[in-house]
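Protein chains in written order, with our numbering: chain G, 2 to 295; chain C, 39 to 331.
Ideal Cβ placement from N, Cα and C applies to all residues, glycine included.
Just so it is clear, the structure is predicted and the values come from calculations on it, not from any experiment.
Here you go:
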């Protein structure tokens, strides 16, 4: 009798293969079905903003651009100019970037490279604060901003947000500085550069990926901010897109889903761009930076 | 050196230390919209004991945290990590990115999507399905407030566990899986006896970390249900917020609100220090450098 080279019979092998394929199909359908709320939700946003009406909730009936008329004409006189609001949001995002990068990078360098009394304490402090939920301080931050006269200003919001993000940013940047070998820095010092020159000309270029990652993260976090904006800013001249879209929800929720969808999509565009093209960057730091959102 | 360090120290002082001290002090006053410092001792804490809304709010908070954590942040996050690492590399990466999208979406935009899905009229997604099947539309938020806040927060929360677990699963030596398979283990036995024991530390970490996140975050609840109907989806943190800035009959109760917030601040501080001790946060923080998507 001829014996197979495998200890398993051919049809058993086939059975196993079939079972493995069945499991694969099962896994893929599981992934697809559980992701449906996300897929449908975001497709709706897109479809609804460009169509007159959706049948069965999702099939566009007539394409139109009228939902986008808010770009040149406010939906009602009550609303501030969209482009002013847009500029405020941009300032909030960029302000975050400047404050976070500008303050955390030098501090992280010192904490990574220099020995001084209190260093360990500062490091432990940043670490503990990193996981401390800053949002619980909202009420007293309101008081602080009121005292400083920064209520109703975009500057107030980005200062608060940058402050709360600082421990995280310092920690990430310190990680990047830690990764640069001493020899690089020593070579610069031996060649006669001052400490500051070394930092500026030799070290900073080396941590560019870190600065990039933190910048994107800070920008998106400022751009998307909701709670601090609606709490600290009521004056329409300082509204950001969060307040704008929030008001659209309040005023048009059951009346005009087209407007809701297109303002939301407009607000989301930069986020989408970063999400599609800078995801790797974003993910390098995002795990450490995620707090809210349950 | 001082020049390099002082801006950071000042920001941390102004935005962490001062507010923390203020929270404690304000909790001892009955400060309202006039911002006057009338100290009333422990009055706010006595009021807390007599607040007839609090038992209900505690119940909602408890169910919300346990429910979201148990169903989504840990369990579903783990399932996503296991499944996306079992299918092909590209497909896995695609689905992981998809699950991350809600996390990076501005909260109001995410809220709008859910307001449409849950719309009580026939125009909402769920109700248009019901209408197509010949059923009457349902007001989802009115009928299932707790379910709504658990699902909407869970869909965002699941991605945190997913990323941490994916990184952890990736770091398990392959030989262990091979050995198990050679010994005759099937897929589920492999997961049960090899994968899970290897990632129990990350599971513990995600559980602890996300408990705190869930206790203190409320913006999606604020946007989607506003804590209603009545107080049916109001969690502790949202109640605190609404006492000060919300639409209750008497907002701007900064004194009482601070006392409520103080409870969260203390929980947060204890938790943060515990993480640091237990999980050697040093090691955890190295993790963001692992690319998982």
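Note that the C-beta distance between residue 233 of chain G and residue 146 of chain G is below 7 Å.
In this structure residue 135 of chain C touches residue 280 of chain G by the C-beta definition: roughly 6 Å separates them, less than 8 Å. In summary, the residues of the segment 129 to 143 of chain G whose CB is separated from some CB of chain C by less than 9 Å are 129, 130, 131, 132, 133, 134, 135, 136, 137, 138, 139, 140, 141, 142 and 143, in the order they occur in the chain. DSSP, reduced to helix, strand and coil, places residue 67 of chain C within a strand of the structure shown.
Cβ neighbours of residue 141 of chain C within its own chain (closer than 6 Å, five residues either side excluded): 194 and 197. The beta-carbon of residue 80 of chain G is placed no less than 7 Å from the nearest beta-carbon of chain C. Excluding its 5 nearest sequence neighbours in each direction, residue 189 of chain G has C-beta neighbours in its own chain below 6 Å: 199 and 203, listed in chain order.
Distances from the alpha-carbon of residue 219 of chain C to those of C:233, C:208 and C:206 put C:233 closest.
With 16 or more other Cβ atoms inside 10 Å of its own Cβ, residue 107 of chain G counts as buried. Under the three-state reduction of DSSP, residue 117 of chain G is assigned to coil, being neither helix nor strand. The contact set of residue 314 of chain C on chain G, defined by CB atoms closer than 8 Å, consists of 125, 128, 129 and 132 in chain order. Per DSSP, the unbroken alpha helix (DSSP H) holding residue 88 of chain C starts and ends at 81 to 88. Three or more beta-carbon pairs separated by less than 8 Å are not found between the segment 199 to 214 of chain C and the segment 92 to 109 of chain G, which leaves the two stretches without contact. Contacts with chain C at 7 Å (Cβ-Cβ) include residue 227 of chain G. In terms of beta-carbon proximity, residue 310 of chain C lines the interface with chain G, with at least one pair separated by less than 7 Å. Restricting attention to G:111, G:119 and G:10, the CA atom closest to the CA of residue 178 of chain G is found in G:111. For a cut-off of 8 Å, the C-beta gap from residue 98 of chain C to residue 272 of chain C is around 6 Å, short enough to register as a contact. Annotated three-state conformation of residue 91 of chain C is coil, per DSSP. Against chain G, a Cβ distance below 8 Å from residue 215 of chain C picks out nothing, because the smallest value is about 15 Å.
Under the Cβ distance rule, residue 306 of chain C counts among the residues neighbouring chain G, one pair being separated by less than 7 Å.
Cα atoms of residue 50 of chain G and residue 267 of chain G: separation of roughly 10 Å, rounded to the nearest angstrom.
Across the structure, residue 259 of chain G and residue 54 of chain G are spaced so that their CA atoms are roughly 8 Å apart. When secondary structure is reduced to three states using DSSP, residue 156 of chain C falls in the coil class, being assigned neither helix nor strand. The beta carbon of residue 100 of chain C sits no closer than 7 Å to any beta carbon of chain G. For residue 133 of chain C, the nearest beta carbon of chain G is closer than 7 Å to its own beta carbon.
The C-alpha of residue 112 of chain C is placed about 7 Å away from the C-alpha of residue 244 of chain C. Under the Cβ criterion of 7 Å, residue 219 of chain G is not counted among the residues facing chain C. Distance from residue 167 of chain G to residue 216 of chain G at the Cβ level is roughly 14 Å; contact not present, criterion being Cβ atoms closer than 8 Å. Each residue's CA atom was taken as its position, placing residue 41 of chain C and residue 150 of chain G some 26 Å apart. Pairwise C-beta distances place the segment 147 to 157 of chain C out of contact with the segment 67 to 74 of chain C, as fewer than three of them are shorter than 8 Å.
Under DSSP, residue 64 of chain G takes part in a beta bridge, and its partners are G:52. Contact with chain G is found for residue 257 of chain C, since one of that chain's Cβ atoms lies less than 7 Å from the residue's Cβ.
By the criterion of a C-beta distance shorter than 8 Å, residue 77 of chain G is surrounded in its chain by 252, once the five residues flanking it on both sides are discounted. Runs of the alpha helix (DSSP H) lying entirely within the segment 101 to 171 of chain C, each at least 4 residues long, are 115 to 124, 127 to 142, 145 to 155 and 163 to 170 in chain order. Selection G:32, G:74, G:87 and G:247 evaluated against residue 132 of chain C yields G:32 as nearest (Cα-Cα). Between residue 195 of chain G and residue 89 of chain G, the C-beta gap is not smaller than 7 Å, which leaves the two residues out of contact.
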